[in-house]
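Chemist:
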Amino acid sequence: MRDGTVALLIMLCVGTALAAPAREIELHPGVTLVTGDTWIDGKSRYRLFGVQSCLRGTYFTNAAGRRLDCGDASMAFLAAFIQDTGPRCAPVATTPELFYVVCSAAVGDQRVDLGTALISRGYAFAALGQNGLPANPAYAVAEHQARESKSGLWRFADVQHPSLALGRAATRARGP
């Protein structure tokens with residue numbers, strides 16, 4: 001019941017944020033990308049709600065046999081999407097250091113959710129909450145479909161899901 005209430009509150013926040021154009025934020029090519037899901041614009045730091053990019057410092061081997069940084073691949077795809085579409089974002093939650101946002105862009109005659117685009121193309125993943133469940137269930141569906149169709153980074157056998165890497169790091173930090 002509690003998880004359902006939290007999900008409902010998040011959906012209401014997302015709906016409210018999307019309906020509040022005065023707080024809309026432009027995601028433009030001049031921002032400083034930190035990762036494939038986080039950027040800095042001026043003094044403010046933003047992160048896509050429910051999205052986990054590939055981690056910098058983790059690697060995959062491409063079809064040509066070259067070992068490439070997975071986080072750089074996620075970041076390059078985000079940069080291309082920003083350049084091509086000029087997304088608009090709305091905050092759904094804030095901390096003193098960070099604005100969590102949802103973003104969308106007009107592509108043709110449709111609005112495309114940035115998180116869904118990154119995940120369904122295989123260059124980002126559905127972020128998990130501390131309970132181990134996806135922060136956005138729709139993103140988990142998009143991730144599953146990308147994995148099944150071997151889209152983007154999923155086409156490489158040695159790509160490492162960031163949640164697994166983060167989980168292992170947390171276990172090591174807790175110690176034996």
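Residues in the sequence shown are numbered consecutively from 1, following the working numbering. Ideal Cβ placement from N, Cα and C applies to all residues, glycine included.
Would R88 be called buried (16 or more neighbouring beta carbons within 10 Å of its own) or exposed?
Modeler: Answer is buried; the Cβ neighbour count reaches 16.
Chemist: Could you check the C-alpha separation between A73 and P29 for me, to the nearest Å?
Modeler: So the alpha carbons of these two residues sit roughly 17 Å apart.
Chemist: Can you list, in chain order, the stretches of the beta strand (DSSP E) that have 3 or more residues and sit fully within the stretch 53 to 117?
Modeler: Those beta strand (DSSP E) runs which fall completely within the stretch 53 to 117 and span 3+ residues are 59 to 61, 67 to 69, 88 to 94, 99 to 107, 110 to 113.
Chemist: Consult DSSP for E148 and reduce its assignment to one of helix, strand or coil.
Modeler: Here E148 sits in helix by DSSP.
Chemist: Could you tell me the boundaries of the beta strand (DSSP E) in which Y46 lies?
Modeler: Looking at the DSSP string, the run of the beta strand (DSSP E) that includes Y46 is 44 to 48.
Chemist: Buried or exposed: where does T108 fall if 16 or more other Cβ atoms within 10 Å of its Cβ makes it buried?
Modeler: Per the sequence shown, the amino acid found at residue 108 is Gly instead of Thr. Exposed is the call here.
Chemist: Mind checking who D41 pairs with in its DSSP beta bridge?
Modeler: According to DSSP, which records beta bridges pairwise, D41 is partnered with S44.
Chemist: Looking only at its own chain, which residues have a Cβ that is under 6 Å from the Cβ of I25, when we skip the five neighbours before and after it?
Modeler: The residues are C89.
Chemist: By alpha-carbon positions, which one of F77, R155, A173 ends up nearest to A64?
Modeler: Taking only the C-alpha atoms, the option nearest A64 is R155.
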